[in-house]
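K.L.:
Protein chains in written order, with our numbering: chain A, 64 to 418; chain B, 55 to 557.
Just so you know, even glycine gets a beta-carbon here, dropped at the ideal spot from N, CA and C.
These numbers were taken from a predicted model, which means no experiment stands behind them.
Following this message is one structure expressed as structure tokens.
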């Protein structure tokens, strides 16, 4: 006697319904597992897995205080825009804990020596965070991060530079090498931010694997935002040349810059000090006018004998130490700093973790 | 949104699909289901750039109203003819404005030495596709064929998201009856499984193979636009691009068919192993089939086709292919690409006629050697034409062709793209897949009837057919293809749009 098939057991094309369901279950289950693995890697649900997770951050020398920020063997890429703009990983929460946050482009990443920063933080029991962005010269992006994630330190240090575009301008451009584009992170949502960061780290790992060695790139500290430049042989080279300054440049603060600067300061709140990292085109006169117009103290070292890794404005170790020593020496004397020192330090502040 | 992007796969698609079939359960009137899908398709389009939505909306409304008007005017009347001409001219004018204005200015500047400023015109995505789709509709309404006047169906016919951005170019007579048809309204777990499998195949072709080959092709074409390239580099770049464009576009078409299968709507197959073609005539029956059909039915035949002798046929072929080239891109290199294919077709017809008259030659036609030679010559002709299609300028194309055919200097070791041996292996594997493997028509059409076959091409040679069934092997294969595609998309960072989007 033959088995009578239920009409529901077959699909319209004659396949076994159970087989089709099993078929889809295998596919869906596998994709779900892969997604969960990637999610765990990025949300750091399981730190033990994360250190080996190809979708998670790359920790140079397995030191979890640092992540690879700048890299790319063929196309230079940087991931901190995604990390900050979409609050991926702990960077934003660390910045929120800081008493002093520093803003500016890559010149600032290079100019504030991390040893001097740490000592200053330890001496004054303050937590400092260098929130400068490589490749981004305008301050609009920083403002977006600050407002979106409500970063509210006691003191802001802002590099009021005017190379290509002024820090106080409306630009949202990213310039890496010869290419300038609208900062990609600003064009999509937070979910895509997570996906992009996971993809970028996976891409870098694949590039390393194909090339047969790990590209150190530029690591960035999770806790204080400092970049580690030791991978650049010129950073500690003794024969780096001093910057040749263009002293004949005529430049003044425009009404627009002053207006944007005023709005910027109002929006971020807290105390503000301006500075100007030395570079060949830096214009002290413009920075002074801006500081005077906005009633902000300006700390600029005398522009003499600053060595850099590229002859431009990216200071080397010696130049950065000299700049930072001068800056923090003057900051300690400033009225603005006295005002924040008078208020009680944050309970959590105990120097800057990490180096 | 790209079909390969996560927000499309994990957000847009599930919502659209669930909504589509839930509405069918809740509402007996199929118009709700059709409206949902049309709305979702417009959302899909708007996510690219919301500013383009009014443009496509105006195009749809205008063409629908013109079609409606024409259908209610007496056949053969002056008013009907006038309405038809207005509609066609308006469509072509819009296409010319958005796509060819700056091309015209550039040409004018070159010819006259003037420095006319380029116009700031953003090219609406898929404008060539939705314009051609609607022109075909208007031509057929004018001729008295379509009798479907439902506006929601018309909107869905134009905007249906699987085809909207990069084709295939749909024909109303094939699509409109499917929308809301009773037999297609309910969810089918089997159709979904088949659709998902085809989608996975397409995603792998696009995200893994095509985008991987782009890593070989792009540096060569970039270098060629700056200066001389070596013979090895030129071959690597051009062959890689030849494979890249095939896997990119056919991968996209597979994904579109897979997606549409999930919605139980059949799309026309747009590719049928074109690199297995043994003549250019056959190539165009297998490559971008929906465009070939459009050009044949709405350009070549109205021009006179082959009805007025060989000379006129050759002329009509040349004009059709030149305009086909221009349709692909606003540049003279595209025109040359089309022109080359026009010349190839003329030579092909001449050869076929001569060949059939000479018994000795005709007797060779069944031999393996003849088939192999035909395939190689056809492929070589196609590859040479791709140089113009991809190159930024004539000088870059000239450099590449000079390097390719400087046989005395040829040396595989002269490749600098990524590594000579790896490049050669990648290209060999790519061509092996194209020539030896089955396509989705072979795998799915005999049993599952997943798409519409516009041309009844004879089934070409394949090592195996790999007919689909809901087996564990197929499930694992689909999972691997999909996972590889998802990971490749992740690695690529969502920066690799489909090549045909620009057309």
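Are residue 373 (chain B) and residue 394 (chain B) closer than 8 Å when you measure CB to CB?
P.N.:
No.
K.L.:
Going straight from the alpha carbon of residue 554 (chain B) to that of residue 299 (chain B), what length do you get?
P.N.:
Caution is warranted here: a pLDDT of 49 is assigned to residue 554 (chain B), below 50, making its placement in the model unreliable, and no coordinate value can be reported.
K.L.:
Excluding sequence positions up to five away, which residues of its chain have a Cβ less than 7 Å from the Cβ of residue 444 (chain B)?
P.N.:
Excluding sequence neighbours, residue 444 (chain B) sits near 275 and 295.
K.L.:
So for residue 514 (chain B), helix, strand or coil by DSSP?
P.N.:
Residue 514 (chain B): coil per DSSP, three-state reduction.
K.L.:
Out of B:407, B:206, B:197 and B:145, which one is the CA nearest neighbour of residue 130 (chain B)?
P.N.:
Residue B:197 is the option with its Cα nearest to residue 130 (chain B).
K.L.:
Just tell me which of A:374, A:262 and A:310 has its CA closest to the CA of residue 297 (chain A).
P.N.:
Selected option, being the one with the closest Cα: A:374.
K.L.:
What is the C-beta distance between residue 252 (chain A) and residue 148 (chain A), in whole angstroms, given that I count them as a contact (C-beta under 8 Å)?
P.N.:
Residue 252 (chain A) to residue 148 (chain A), Cβ: 10 Å. No contact.
K.L.:
In whole angstroms, give me the CA-to-CA distance for residue 257 (chain B) and residue 210 (chain A).
P.N.:
For residue 257 (chain B) and residue 210 (chain A), the distance between alpha carbons rounds to 39 Å.
K.L.:
Under 8 Å between C-beta atoms, does residue 130 (chain A) make it to chain B?
P.N.:
Chain B contact via Cβ: absent.
K.L.:
Taking Cβ-Cβ distances below 9 Å as the criterion, which residues of the segment 311-341 of chain A are in contact with chain B?
P.N.:
Per Cβ criterion, the list is empty.
K.L.:
Report the residue from A:382, A:270 and A:235 whose alpha carbon sits nearest the alpha carbon of residue 301 (chain A).
P.N.:
For residue 301 (chain A), the nearest C-alpha among the options comes from A:382.
K.L.:
Measure the C-alpha to C-alpha separation of residue 148 (chain B) and residue 383 (chain B) and round it to an integer number of angstroms.
P.N.:
Those two C-alpha atoms are separated by around 15 Å.
K.L.:
Thinking C-alpha only, which one of A:238, A:233 and A:394 is nearest residue 326 (chain A)?
P.N.:
Measuring from the Cα of residue 326 (chain A), the nearest candidate turns out to be A:233.
K.L.:
Which term fits residue 524 (chain B), buried or exposed, when burial requires 16 or more other beta carbons within 10 angstroms of its beta carbon?
P.N.:
Result: buried.
K.L.:
Determine the closest residue to residue 171 (chain A) out of A:376, A:394 and A:388, with distance taken between C-alpha atoms.
P.N.:
Comparing Cα-Cα distances from residue 171 (chain A) to each of A:376, A:394 and A:388, the minimum goes to A:376.
K.L.:
Measuring only between beta-carbons, confirm whether residue 419 (chain A) sits less than 8 Å from chain B.
P.N.:
Residue 419 (chain A) lies beyond the residue range present for chain A, which begins at 64 and ends at 418; the question has no answer from this structure.
K.L.:
Determine the DSSP secondary structure at residue 357 (chain B), reduced to helix, strand or coil.
P.N.:
The answer is helix: DSSP assigns residue 357 (chain B) an H, G or I state.
K.L.:
Counting only the same chain and skipping the five closest in sequence on each side, list residues whose C-beta sits under 7 Å from that of residue 350 (chain A).
P.N.:
223, 337, 339, 361 and 363, listed in sequence order.
K.L.:
Starting from residue 338 (chain A), follow the beta strand (DSSP E) in both directions and report where the run begins and ends.
P.N.:
Unbroken beta strand (DSSP E) run through residue 338 (chain A): 334-338.
K.L.:
Name the chain A residues whose beta carbon is nearer than 9 Å to that of residue 129 (chain B)?
P.N.:
Here the premise fails: no neighbours, minimum Cβ distance about 41 Å.
K.L.:
Considering Cα atoms alone, identify which of B:100, B:186, B:514 and B:206 is closest to residue 115 (chain B).
P.N.:
When each option's Cα is compared against that of residue 115 (chain B), the closest is B:206.
K.L.:
Taking the CB atoms as reference points, tell me whether residue 423 (chain A) and residue 536 (chain B) lie closer together than 8 Å.
P.N.:
For chain A, the structure presents residues 64 to 418; residue 423 (chain A) sits outside this window and is missing.
K.L.:
Might you give, ordered along the chain, the residues of its own chain that have their beta carbon closer than 7 Å to the beta carbon of residue 538 (chain B), omitting 5 neighbours on each side?
P.N.:
For residue 538 (chain B), where only same-chain residues beyond five positions count, the Cβ hits under 7 Å are 258 and 262.
K.L.:
Would residue 217 (chain B) and residue 310 (chain B) qualify as a contact pair, given that the criterion is a beta-carbon distance under 8 Å?
P.N.:
Yes, these two residues count as a Cβ contact at 8 Å.
K.L.:
Do the segment 284-295 of chain B and the segment 208-228 of chain B make contact, defined as three or more Cβ pairs closer than 8 Å?
P.N.:
Judged by Cβ distances under 8 Å, the segment 284-295 of chain B makes no contact with the segment 208-228 of chain B, as fewer than three pairs qualify.
K.L.:
What whole-angstrom Cβ distance do residue 282 (chain A) and residue 130 (chain A) have, given they're in contact under 8 Å?
P.N.:
With a Cβ gap of about 6 Å, residue 282 (chain A) and residue 130 (chain A) count as contacting.
K.L.:
Determine whether the Cβ of residue 378 (chain A) lies closer than 8 Å to any Cβ atom of chain B.
P.N.:
It does not: the Cβ of residue 378 (chain A) has no partner Cβ on chain B nearer than 8 Å.
K.L.:
Keeping to the same chain, check which residues put their C-beta closer than 7 Å to that of residue 193 (chain B); ignore five residues upstream and five downstream.
P.N.:
Same-chain partners within the cutoff: 352.
K.L.:
Could you please give the first and the last residue of the uninterrupted alpha helix (DSSP H) stretch that includes residue 146 (chain B)?
P.N.:
Per DSSP, residue 146 (chain B) belongs to the alpha helix (DSSP H) from 132-149.
K.L.:
Could you check which residue in A:315, A:328, A:396 and A:309 has the C-alpha nearest to that of residue 367 (chain A)?
P.N.:
Looking at the Cα atoms, A:309 is the closest of the given residues.
K.L.:
Taking residue 104 (chain B) as the query, report the chain A residues whose CB atoms sit under 7 Å from its CB, ordered along the chain.
P.N.:
Chain A residues near residue 104 (chain B): none, gap ~13 Å exceeds 7 Å.
K.L.:
Does residue 397 (chain A) come out as helix, strand or coil in the three-state DSSP assignment?
P.N.:
Residue 397 (chain A) falls in the coil class under three-state DSSP.
K.L.:
Could you check if residue 280 (chain B) is buried or exposed, using at least 16 other CB atoms within 10 Å of its CB as the buried criterion?
P.N.:
That one is exposed.
K.L.:
Give, in chain order, every residue of the segment 160-177 of chain A whose Cβ lies closer than 7 Å to some Cβ of chain B.
P.N.:
Against chain B - using a Cβ distance shorter than 7 Å - the segment 160-177 of chain A contributes no residues.
K.L.:
State the DSSP-derived secondary structure class of residue 202 (chain B), mapped to helix, strand or coil.
P.N.:
Note: residue 202 (chain B) maps to coil in three-state DSSP.
K.L.:
On the DSSP letters alone, give me the boundaries of the alpha helix (DSSP H) that residue 252 (chain A) sits inside.
P.N.:
Element bounds for residue 252 (chain A): n/a, residue is neither H nor E.
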